[in-house]
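In the working numbering, the protein residues as written are 118 to 377.
All residues carry an ideal CB built from backbone N, CA and C; glycine is no exception.
For clarity, every value in this text was computed on a predicted model and none was experimentally measured.
Comments concern the structure below.
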Amino acid sequence: MDLNLTSKTAVVTGAGRGIGLATVRALTAEGVRVVGAARTLTPELKDTGAHTVSADLSTAEGVAALMSEALDTLGGIDLLVNNVGAGDDMDPCGFLDTDDAHWSRVFDLNLLSAVRATRAALPSLIERRGSIVNVSSISARQPTSGPVAYSAAKAALTALGKTLAEEFGPLGVRVNTVSPGAVRTPVWVDPDGYGGKVAARAGMDHATFLEQMPPAFGIVSGRITEPEEVAALIAFLLSDVAGNITGADHIIDGGTVKTA
Ligand SMILES: NC(=O)c1ccc[n+]([C@@H]2O[C@H](COP(=O)([O-])OP(=O)(O)OC[C@H]3O[C@@H](n4cnc5c(N)ncnc54)[C@H](OP(=O)(O)O)[C@@H]3O)[C@@H](O)[C@H]2O)c1
118 MDLNLTSKTA VVTGAGRGIG LATVRALTAE GVRVVGAART LTPELKDTGA HTVSADLSTA
178 EGVAALMSEA LDTLGGIDLL VNNVGAGDDM DPCGFLDTDD AHWSRVFDLN LLSAVRATRA
238 ALPSLIERRG SIVNVSSISA RQPTSGPVAY SAAKAALTAL GKTLAEEFGP LGVRVNTVSP
298 GAVRTPVWVD PDGYGGKVAA RAGMDHATFL EQMPPAFGIV SGRITEPEEV AALIAFLLSD
358 VAGNITGADH IIDGGTVKTA
């Protein structure tokens, strides 16, 4: 299938590794000119040939700096992937251990980064009849599978996608949400990441934890999702091949979510 994305321009947040990096690779392979942002500009991101911006996207200033540089570099934005999320505060702590500062940081990164980037990109997206994909999580639908603040922030992000699609659809902008289940990224596979912390809480060594994830999470395909599979879905939704798909939440979880 030809996605026909050549000559388009894109901004991808959280692009240094994981789903964001895979998305930058998928889009550059399609001939898209990409600006990718994270705090750490990894060698893998630089290797994609994308223009890179180092910014803390949990702050208004960081998002403003990224979007201003992206508009200058690309001359306009056709495609926006609000992928940044999870981050430093991804911790398996309960409600009483989540103070106001923690809630604010989680919402800044997982929700307000997308709000701010979208606000800055919209004039260009409207002019170019562009497309947005927000990367949420199945935690939006089954909140107990993630930390309390993270699940709430992702639920808000999923709702935001719907309202943006409604308001800007008549102006030619499509907005979709991609909600992954567990994906093979450092969030799970880094022993110091969220997966490592959850394993420690369960009194399990990390390797055993990773092995038992599919049955324990009810993943009927028997494996977690690869970042490239999420990136392919994002690229499809951004493209005109998906021209009449908007305001929808696309789950990619190997069958984890059991509701219809
Ligand atoms: N992995 C999963 O199982 C899974 C499941 C459902 C949803 N998701 C969602 O998918 C998205 C990507 O997740 P992932 O697993 O690919 O994450 P990841 O592997 O941890 O990568 C996150 C990327 O975002 C960047 N980042 C984190 N905090 C940042 C900040 N404050 N400012 C700028 N960049 C920042 C990281 O680089 P720096 O730290 O160097 O900045 C990195 O490049 C997230 O929204 C996550 O919630 C993931």
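For this session: Go through its chain and collect everything with a Cβ distance to Met-207's Cβ below 6 angstroms, but skip five positions before and after it.
Result: Taken in chain order, the residues that qualify are Tyr-311.
Problem set entry | Inter-residue CB distance, Leu-183 and Val-170 (contact presumed, cutoff 8 angstroms) | Their Cβ separation, rounded to whole angstroms, is 5 angstroms, which keeps Leu-183 and Val-170 in contact under 8 angstroms.
Exercise. Straight-line CA distance for Arg-134 to Leu-162?
Worked result: So the two alpha carbons sit approximately 7 angstroms from each other.
Exercise. Rounded C-beta distance between Pro-344 and Thr-302? I'm assuming under 8 angstroms.
Worked result: About 6 angstroms separates the beta carbons of Pro-344 and Thr-302, which is inside the 8 angstroms limit, making them a contact pair.
For this session: Could you name the residues of the same chain whose beta carbon sits closer than 7 angstroms to that of Ala-270, not counting the 5 residues immediately before and after it, in chain order?
Result: Excluding positions up to five away in sequence, the list reads Val-223, Phe-224, Asn-227, Leu-228.
For this session: Would you list the residues sitting across from Ala-127 in a DSSP beta bridge?
Result: According to DSSP, Ala-127 bridges with Val-151, Leu-196.
Exercise. Per DSSP, what kind of secondary structure is Pro-297 in: helix, strand or coil?
Worked result: Residue state, collapsed to three classes: strand.
Exercise. Taking 7 angstroms as the cut-off, does the CB of Pro-260 come closer than this to any heavy atom belonging to ligand 1?
Worked result: For Pro-260, the CB stays at least 7 angstroms from every heavy atom of ligand 1.
Exercise. Under the DSSP definition of a beta bridge, which residues are partnered with Asp-366?
Worked result: Looking at the DSSP assignment, Asp-366 forms a beta bridge with Thr-294.
Exercise. Rounded to whole angstroms, how far is the Cβ of Thr-145 from the Cβ of Gly-166, which I believe are closer than 8 angstroms?
Worked result: Confirmed, Cβ separation roughly 6 angstroms.
Problem set entry | Own chain, CB closer than 6 angstroms to Phe-212, minus 5 neighbours either side, in chain order | Closer than 6 angstroms at the Cβ level, and outside the excluded window around Phe-212, lie Val-265.
Exercise. Do Val-201 and Gly-250 come within 8 angstroms of each other at the CB atom, strictly closer than that value?
Worked result: Per the sequence shown, residue 250 should be read as Val rather than Gly. Their beta carbons are not under 8 angstroms apart, which means Val-250 does not touch Val-201 by this criterion.
Exercise. Are there 16 or more other CB atoms within 10 angstroms of the CB of Ser-268, so buried, or fewer, so exposed?
Worked result: That one is buried.
Problem set entry | Spatially closest choice to Pro-240 from Ile-368, Lys-125, Gly-289, by CA coordinates | Ranking Ile-368, Lys-125, Gly-289 by Cα distance to Pro-240 puts Gly-289 first.
Problem set entry | Reduced DSSP category for Thr-235 - H, G, I as helix; E, B as strand; rest coil | DSSP places Thr-235 in helix when its eight states are reduced to three.
Problem set entry | For Ile-92, the three-state DSSP class (helix, strand or coil) | Here the chain comprises residues numbered 118 to 377, so residue 92 is not present and cannot be evaluated.
For this session: Could you pull the start and end residues of the alpha helix (DSSP H) that Val-201 belongs to?
Result: Val-201: not part of any alpha helix (DSSP H); DSSP gives it neither H nor E.
Problem set entry | Assigned secondary structure, Asn-361 (DSSP; H/G/I helix, E/B strand, else coil) | Note: Asn-361 maps to coil in three-state DSSP.
For this session: Measure from the C-beta of Leu-226 to each C-beta in chain B and report whether the shortest distance is under 8 angstroms.
Result: Considering every chain present, this structure includes no chain B. It has just one protein chain.
For this session: For Asn-200, verify whether its CB is less than 7 angstroms away from any heavy atom of ligand 1.
Result: Because some heavy atom of ligand 1 lies under 7 angstroms away, the Cβ of Asn-200 counts as near it: yes.
Exercise. Shortest alpha-carbon distance to Trp-195 belongs to which of Ser-248, Ala-181, Pro-160?
Worked result: One point to set straight first is that residue 195 is Asp, not Trp, in the sequence displayed. The shortest Cα separation from Asp-195 among Ser-248, Ala-181, Pro-160 belongs to Ser-248.
Exercise. Quick one: does the C-beta of Asp-214 sit closer than 7 angstroms to a heavy atom of ligand 1?
Worked result: No, Cβ of Asp-214 sits at least 7 angstroms from all heavy atoms of ligand 1.
Problem set entry | CB-CB length for Thr-130 against Leu-191, believed under 8 angstroms | The beta-carbon distance between Thr-130 and Leu-191, rounded to whole angstroms, is 14 angstroms. This is too long to meet the 8 angstroms contact definition.
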